[in-house]
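Top line first, the protein sequences correspond to chains B and E. Counting in numbering that gives the first Met the number 0, the final residue of the first sequence is number 406, and the numbers go up one at a time with none missing. Counting in numbering that gives the first Met the number 0, the final residue of the second sequence is number 406, and the numbers go up one at a time with none missing. Backbone N, C-alpha and C define an ideal beta-carbon position, used for all residues, glycine too. Only one structure is covered here, and it is reproduced in the block below.
Number of protein chains: 2
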Amino acid sequence: MESIKQIPGGVCAPKGFKAAGIHCGIAKKVDKKDLALIFSEAPGSCAAVLTTNKVQAAPIRVTQNHLANGTAQAFLCNSGNANACTLDGDKVANQMCEIAARELNIPPEDVVVASTGVIGQALSIHPVDAGMKQLVRLLDRSGGEDAARAIMTTDLLKKEISVCFEIGGAECRMGAAAKGSGMINPNMATMLAFITTDTAISPQMLRAAISTVTQDTFNMVSVDGDTSTNDMAAVLANGMAANPLIQAPGEDYDSFLKALTYVCIYLARMIAKDGEGATKLLECSVKGAKDESSARVLAKSVISSNLVKAAMFGGDANWGRILCAMGYSGAQFDPQRVSLYFSSGAGTILVCKDGAGLPFTEERAAAILSEPEIELQLVLGDGEGEAVAWGCDLTYDYVKINGDYRS
Amino acid sequence: MESIKQIPGGVCAPKGFKAAGIHCGIAKKVDKKDLALIFSEAPGSCAAVLTTNKVQAAPIRVTQNHLANGTAQAFLCNSGNANACTLDGDKVANQMCEIAARELNIPPEDVVVASTGVIGQALSIHPVDAGMKQLVRLLDRSGGEDAARAIMTTDLLKKEISVCFEIGGAECRMGAAAKGSGMINPNMATMLAFITTDTAISPQMLRAAISTVTQDTFNMVSVDGDTSTNDMAAVLANGMAANPLIQAPGEDYDSFLKALTYVCIYLARMIAKDGEGATKLLECSVKGAKDESSARVLAKSVISSNLVKAAMFGGDANWGRILCAMGYSGAQFDPQRVSLYFSSGAGTILVCKDGAGLPFTEERAAAILSEPEIELQLVLGDGEGEAVAWGCDLTYDYVKINGDYRS
């Protein structure tokens with residue numbers, strides 16, 4: 000993908016975008032930023048994929064309403080409280096939009112709102128209200144990094160990226176900030192990902208793009224199998240790159256899809272790598288599956304298995320657990336035609352061919368599995384379907400972090 | 000259930016059953032029994048539910064063939080090797096049956112064979128061959144406890160039970176031995192459960208009984224969400240109690256179902272309690288669901304959530320994770336009509352009513368959640384569906400055990 004280049008700037012890299020993040024008082028620690036604002040000088044096309052969890056956080060419902068017309072001008076997000084399963088959640092989420100809209104001088108319907116943190120505790124509007132003036136003032140002096148930090152919860156790594164690419168002779172840019180570390184098994188959406196771009200693209204095509212790309216990126220990440228009530232991946236395109244407006248499939252749309260895929264794969268890998276307590280990034284690729292959907296189900300099942308994840312933590316080449324996880328995935332495949340490779344920076348070994356184990360030395364396997372990024376490569380004999388999924392190992396620290404998250 | 004009484008004897012409690020367990024050399028530790036035999040003096044009706052995993056261990060296939068005619072006379076099971084994903088698996092599983100049949104002087108087709116242990120390593124027939132004479136000799140001097148010990152892998156608790164009950168004026172008995180600690184999320188079957196009874200019942204009715212009961216017992220247990228390649232729950236009924244043969248639904252069949260349910264719930268709870276690394280048994284009951292199937296899906300989803308399990312380990316009343324797990328389960332329910340109680344020997348608290356949190360003191364919640372058996376009681380407002388699921392907490396020790404299972 001030489002046509003896509005990484006550049007600095009995060010969500011502020013595209014033309015016309017500003018961002019800021021502050022501590023307003025939702026998070027207990029005073030040095031933890033807990034309120035992020037990403038703003039475009041002009042309104043633009045906006046689309047999002049939202050959690051499929053039947054228990055939806057209030058901001059998910061409010062954002063869904065605000066995006067009905069396909070346009071927006073700002074992303075507002077707090078950490079420290081999920082604003083889910085409380086009595087006044089919708090009211091508070093709407094107030095957040097109103098307060099931001101007033102300070103930004105835009106309609107409240109053009110604010111996309113998101114929350115992340117503990118479920119079931121009332122979110123007070125007061126800290127948001129008190130901090131908003133400062134947050135908006137900082138838009139001119141702060142930047143993408145502060146916003147990226149303000150949306151983090153148990154994340155250890157700040158997750159941002161920005162790239163430039165060309166569409167119809169115009170240089171376009173795209174930036175993104177994401178968070179996600181636990182309660183991660185996105186379905187139709189990731190934890191939280193905010194993507195900015197100056198590409199000119201219609202709301203319809205933007206919606207198609209984010210749906211398509213999410214399926215092969217965020218939806219292929221699993222940290223713990225728990226799909227959050229607050230998942231959201233939103234993209235805002237303000238058109239300032241002045242490329243010919245993308246309003247139908249074609250070469251320009253494909254270029255845009257490529258850039259969006261690049262950005263989302265980067266974030267998906269970052270989220271998996273930063274899984275709660277993780278010491279290793281796991282990438283499971285499936286080739287030769289009956290079809291793409293089977294390949295996705297198989298890759299996702301392997302990456303989600305607690306037993307596979309614990310074995311990878313221990314550097315134990317217990318490959319039978321991988322075949323076992325394929326077997327209960329519900330996907331069709333021929334177990335007698337499965338080959339499995341373990342691969343990393345330290346080399347590659349074939350441990351299973353045609354569904355049966357091959358001899359290998361434990362030392363060589365242990366060396367390969369002790370690397371920080373491990374690939375589980377499955378080659379089937381059922382067709383042309385391919386997919387990749389990302390996950391992480393299951394460690395003592397995952398249990399520790401989640402045994403006492405609230406305190 | 001005053002009509003069902005616990006009695007001693009395990010699988011040997013019913014008339015005409017003998018059992019033994021030895022170390023034949025499959026397990027590395029010389030003091031670990033690794034081969035179990037349960038034998039009925041007369042052939043009887045036999046039925047089993049087997050794993051739904053597409054990657055099936057060889058003994059699953061062989062047993063399926065042997066039970067086509069609905070009769071059997073012996074259960075043979077090794078631990079230490081799953082006999083799955085190897086080239087000669089079917090041959091070895093058949094040889095195991097032949098060797099046992101020769102010594103017992105019965106047809107090989109009347110042997111139900113099972114294996115449990117590591118996947119993907121060749122199982123040698125030699126230790127089984129060398130040990131069989133001794134194993135059969137011990138049938139007259141050994142007993143159910145040795146068999147129950149010989150099928151254990153990472154289990155810490157031996158799992159056996161026996162009961163007596165009455166059918167048509169005749170005293171009937173039922174005994175069982177089970178194993179299961181990790182790779183447990185049975186679907187159509189448990190890990191391994193061998194049930195013996197002297198009740199007279201036709202193969203057809205026995206098959207119906209074990210299928211029905213498994214659905215609400217073994218299939219409602221989850222330790223880690225991983226459905227094994229080797230799951231099997233088998234029941235052998237030799238008719239020696241001389242009750243009127245059960246060959247149709249009715250009062251006698253219902254009495255038998257009750258006894259079988261009693262035994263299977265006992266084993267299901269034991270398996271959950273002995274989940275790898277577990278410190279707490281979790282029981283999730285759902286009432287007021289749309290229907291029984293929705294209730295099952297919801298209870299199972301809660302009990303399977305890593306985040307719920309880790310919170311319970313930490314004694315953290317993070318109830319939002321329970322609503323979250325319900326929400327992504329795929330079952331229909333009204334989130335606004337969910338009430339949730341935490342309950343244990345230390346008391347009961349209502350933490351969520353009509354989908355929103357209630358105030359409670361952390362001290363009281365912590366006291367309730369520090370008990371060894373915790374109930375998560377969900378009351379919905381959608382209908383009459385009820386279900387119960389069993390699981391355990393997610394602990395450091397689960398990760399430790401599974402990070403290095405093979406060594």
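What separation, rounded to the nearest whole angstrom, lies between the Cα atoms of V212(E) and G15(E)?
24 Å
R140(E) - DSSP class collapsed to helix/strand/coil
coil
Using beta-carbon positions only, say whether M269(B) and L156(B) come within less than 8 Å of one another.
Against a cut-off of 8 Å, the Cβ pair of L156(B) and M269(B) comes out as a contact.
Any idea if L137(E) is buried or exposed, counting beta-carbon neighbours within 10 angstroms, 16 or more meaning buried?
buried
Please return the same chain residues whose Cβ sits closer than 7 Å to the Cβ of Y252(E), not counting the five positions on each side in sequence.
Excluding positions up to five away in sequence, the list reads M204, I245.
The ligand FMN and S254(B): does any heavy atom of the ligand fall closer than 7 Å to the residue's C-beta?
You won't find the ligand FMN in this model; it holds no ligand whatsoever.
Who are the neighbours of V162(B) on chain E, taking C-beta pairs under 8 Å?
The premise fails here: V162(B) is roughly 32 Å from chain E at the closest Cβ pair, so nothing lies under 8 Å.
Determine which residues of the stretch 118-134 of chain E have a Cβ less than 9 Å from any Cβ of chain B, and write them out in chain order.
I118, G119, Q120, A121
State buried or exposed for E383(E), treating a residue as buried only when at least 16 other CB atoms are found within 10 Å of its CB.
exposed
What's the gap between the Cα of I194(B) and the Cα of V398(B)?
31 Å
Name, going along the chain, the residues of the stretch 56-76 of chain E whose beta-carbon falls closer than 9 Å to a beta-carbon of chain B.
none
If you draw a straight line from the C-alpha of P358(B) to the C-alpha of A129(E), how long is it?
26 Å
Please classify A233(B): does DSSP put it in a helix, a strand, or coil?
strand
May I ask you to report which of helix, strand or coil DSSP gives T260(E)?
helix
For T85(B), which residues in chain E fall below 8 Å Cβ to Cβ?
A355, G356
Kindly say whether N186(B), judged by its beta-carbon, lies nearer than 8 Å to any beta-carbon of chain E.
Low confidence applies here, because N186(B) scores a pLDDT of 46, under 50, leaving its location unreliable and the question unanswered by this model.
Assuming T196(E) and V234(E) form a contact by the criterion Cβ under 8 Å, report the distance between their Cβ atoms to the nearest whole angstrom.
7 Å
Would you kindly check if the distance between the Cβ of C45(E) and the Cβ of P126(E) is under 8 Å?
The answer is no: Cβ separation not under 8 Å.
Can you tell me whether A277(B) is buried or exposed? The criterion is at least 16 other CB atoms within 10 Å of its CB, across all chains shown.
buried
Would you give the residue range spanned by the beta strand (DSSP E) that L375(E) belongs to?
372-378
CB contact below 8 Å: S293(E) versus chain B
no
How big is the Cα-Cα spacing for G344(E) and C283(E)?
15 Å
At a CB-CB cut-off below 7 Å, which residues of chain E make contact with V398(B)?
Against chain E, the beta carbon of V398(B) has neighbours under 7 Å at A309, F312, L393, T394, Y395, V398, listed in chain order.
With a threshold of 6 Å on Cβ separation, who are the neighbours of V285(B) within its own chain once the five nearest residues in sequence on each side are excluded?
A294, L297, A298, L377, A386
Quickly, what does DSSP pair M173(B) with across the bridge? List them, please.
V162(B), T196(B)
Do you know offhand how far R148(B)'s Cα is from S114(E)'s?
51 Å
Quick check on DSSP: helix, strand or coil for I21(E)?
strand
Output, in chain order, the set of chain B residues within a Cβ distance shorter than 9 Å of N93(E).
The premise fails here: N93(E) is roughly 17 Å from chain B at the closest Cβ pair, so nothing lies under 9 Å.
DSSP state of S408(E) mapped onto helix, strand, coil:
As displayed, chain E neither begins before 0 nor continues past 406, which places residue 408(E) out of reach and without an answer.
6 Å Cβ shell around A35(E) - same chain, five flanking residues per side excluded:
G20, C76, A146, A149, I150
Shorter than 8 Å from the beta carbon of F332(B) to some beta carbon of chain E?
Yes, F332(B) counts as interfacial toward chain E.
Contact set between M325(B) and chain E, taken where Cβ atoms lie within less than 8 Å:
Under a criterion of Cβ atoms nearer than 8 Å, the residues of chain E adjacent to M325(B) are, in order, K53, V54.
So T198(E) and C171(E) are in contact, right, with Cβ under 8 Å, and what is the actual spacing, rounded?
4 Å
Uninterrupted beta strand (DSSP E) stretches inside the stretch 38-89 of chain B (no shorter than 3 residues):
70-78
Assuming S304(E) and R320(E) are in contact, meaning their beta carbons sit under 8 Å apart, how far apart are those beta carbons, in whole angstroms?
6 Å
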